[in-house]
Amino acid sequence: PSILASIIVLLPNAVITQPCADCRVPTDCKKGLRRRLRKYGAGALPRLQVSTLLHICGGTMMQVFLMAIGGGTGAGKTTLANTLQEQLGTEQVSILHTDTFFRAGSSTHNRPECIDEPQLQKAVCALRRGEAAHIPARGNRPERIVEARAVTVVEGHLSLCFPWLLELVDLSIYVDMDDEERLLRRIERNVGQHGQEINSVTSWYRQDVLHNHRRFTAPTKAAADLILWGDWNPRRLSRVLEIVRSLAGLD
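The numbering used here applies: residue 2 is where the sequence shown begins, and numbers increase by one.
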């Protein structure tokens, strides 16, 4: 089992562009692995519609469909991730929020450098391997564990800013929404739910959120596989669920 746990089996149509040693498969091994798989019976493995890694852990195989959801604050990212989990079930879907990797003492949470990237990368790579990700305690947030599931979602407004993450995922989604509606949703959340003063919410939106959104988050739309409008009516959510079920092989 200890040897099996270190093996990554690549399907014939998968793509390997792993960014770090934790993932155990260097990029330049891609062609060699495909040759070996063809030689030793890779054709017997089922072909999937997307780049999917099967991890052999302790003698059992786990299929992980890894997806990233990005977009501006208040666009509807978390709503989409939570809906996927509610509709498909917690046994099928797990969520890793990039907000849990904000650096302590950062002056803003709207630029890529505010994310503890090495820790985020370590967690995402563990999930990519089909292993649990250990999230260290930060501030008043306790240490927690995110388990890999058949559908594993990385969600956050900065999630699509990292090229290595885009290379790891099977599907990337950018949730779009106009600036005015995003501000209104932010006010409803921060004032209505968290008790903040409306003046501080709007001031920070003008001073930091909007500027950094246009500079860092909005350009990631071009890198996404799908761009969805964050007005989650039943029909749109149903279509997204169909896409995820199909690509993840849950049908």
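Beta carbons are placed, not taken as given, at the ideal position from N, Cα and C, and that holds for glycine.
Residues that residue i bridges to, as DSSP identifies them
i, result
"Ser95", "Thr153"
"Ala134", "Val147"
"Arg142", "Arg139"
"Ser239", "None, per the DSSP bridge assignment."
"Gly255", "Here the chain covers residues 2 to 252 and nothing more, so residue 255 does not appear."
"Gly210", "As written in the sequence, residue 210 is Val, which differs from the Gly given in the question. The partner list for Val210 (beta bridge, DSSP) is empty, contrary to what the question assumes."
"Gln229", "As written in the sequence, residue 229 is Leu, which differs from the Gln given in the question. According to DSSP, which records beta bridges pairwise, Leu229 is partnered with Val176."
"Gly71", "Tyr175"
"Ile1", "Residue 1 falls outside the range modelled here, since the chain spans only 2 to 252, and no answer is possible."
Test item: CB-CB of residue i and residue j under 8 angstroms
i, j, result
"Ile70", "Val154", "yes"
"Asp180", "Gly231", "no"
"Ile255", "Ala82", "For residue 255 there is no data in the structure shown, the boundaries of the chain being 2 and 252."
"Leu238", "Thr84", "yes"
"Val94", "Val152", "yes"
"Glu140", "His98", "In the sequence on display, residue 140 carries Gly and not Glu. No, these two residues do not count as a Cβ contact at 8 angstroms."
Nearest candidate by alpha-carbon position, reference residue i, set the options
i, options, result
"Ile244", "Arg207, Leu166, Val94, Leu172", "Leu172"
"Ser108", "Ile188, Arg186, Asp209", "Asp209"
"Pro1", "Leu248, Arg104, Pro113", "Examination of residue 1 is not possible in this model, given that the chain is present from 2 through 252 alone."
"Thr74", "Thr101, Cys115, Gly90, Arg186", "Arg186"
"Ser160", "Thr79, Arg246, Trp233, Glu87", "Thr79"
Inter-residue Cα distance where the pair is residue i and residue j
i, j, result
"Leu184", "Arg190", "10 angstroms"
"Pro235", "Val241", "10 angstroms"
"Ala127", "Leu121", "10 angstroms"
"Arg142", "Ala224", "31 angstroms"
"Glu148", "Gly90", "13 angstroms"
"Gln221", "Asp252", "Checking the displayed sequence, the identity of residue 221 turns out to be Thr instead of Gln. So the alpha carbons of these two residues sit roughly 30 angstroms apart."
Where residue i falls, given that 16 or more other Cβ within 10 Å makes a residue buried
i, result
"Asp117", "buried"
"Thr218", "buried"
"Gln194", "exposed"
"Thr61", "For Thr61, the predicted structure reports a pLDDT of 43, less than 50, and the residue's modelled location is therefore unreliable. The matter cannot be settled from this model."
Chain D contact for residue i (CB, 8 angstroms cutoff)
i, result
"Thr153", "The structure shown contains no chain D; it is built from a single protein chain."
Any non-hydrogen atom of the ligand NAD closer than 7 angstroms to residue i Cβ
i, result
"Ala223", "Absence of the ligand NAD from the depicted structure is noted, as is the absence of any ligand whatsoever, leaving it without description."
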